[in-house]
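S.K.:
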Amino acid sequence: MLMEGEDFAGCTKLASLSLNELMDRHELLLKTGIYKTPDPRRPQLKSDNPKLKKIVDSNAEEFATRVAQITVEEWRLFQELQEKKRDLESPGEERPFERVKPSMRKQLERRKKLSSLRDHEKFESYDERY
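If you use full-length UniProt numbering, the sequence shown corresponds to residues 1 to 130, in order.
#1: Under 8 angstroms, with one C-beta from each stretch per pair, do the region 34 to 42 and the region 79 to 92 reach the 3-pair mark?
#2: Rounded to whole angstroms, what is the Cα-Cα separation between V56 and P43?
#3: Tell me which residue opens and which closes the alpha helix (DSSP H) that Q79 is part of.
#4: Cα separation between R111 and Q82?
#5: Can you tell me the Cα-Cα spacing of D127 and A15, whole angstroms?
#6: Which residue from P102, W75, T12 puts its Cα closest to that of K31?
#7: Which residue wins for smallest C-alpha separation from T12, given the options R86, N59, D48, L45?
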């Protein structure tokens, strides 16, 4: 976002806002064209971006209607889509429909089989103890 230290001084709700929500707000403003990233080659040009205080210190309704200039319904829908996107991109988990090269299919099947066997062994060892 290219913010200066003095921009953060006036924000009272910055610490209480989750990182995901802050990133969602920034992403929405970029996609709607309200926020434009400053050009690093011409930093002297000032853009009409909303102040950080307006972005951070407003509740969901004020942010959607006054800052992003969209409806609250559109803001909630955008948040749901971002959450689904994060779930699909989360590391360490397989995607529900993962593309697999034909040469790697057997390796994937072995990996799935081993993981299901390990899960089964965990439950058996738990039952044996109790």
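Note that CB positions come from ideal geometry on N, CA and C, so glycine has one too.
M.R.: Working from what's here:
#1: no
#2: Numbered from its first residue, the sequence shown carries residue 56 at position 56. Numbered from its first residue, the sequence shown carries residue 43 at position 43. Rounded to whole angstroms, V56 to P43 spans 23 angstroms at the Cα level.
#3: The residue labelled residue 79 in the question sits at position 79 within the sequence shown. Element bounds for Q79: 72 to 89.
#4: Position 111 of the sequence shown, counting from 1, holds the residue named residue 111. Position 82 of the sequence shown, counting from 1, holds the residue named residue 82. Roughly 30 angstroms separates the two Cα atoms.
#5: As a working note, residue 127 is residue 127 in the sequence shown. As a working note, residue 15 is residue 15 in the sequence shown. Low confidence applies here, because D127 scores a pLDDT of 49, under 50, leaving its location unreliable; read the following figure in that light. Distance between the alpha carbons of D127 and A15: 45 angstroms.
#6: Within the sequence shown, residue 31 is the residue found at index 31, counting from 1. For K31, the nearest C-alpha among the options comes from W75.
#7: Translated into the one-based positions of the sequence shown, residue 12 becomes position 12. Measuring from the Cα of T12, the nearest candidate turns out to be N59.
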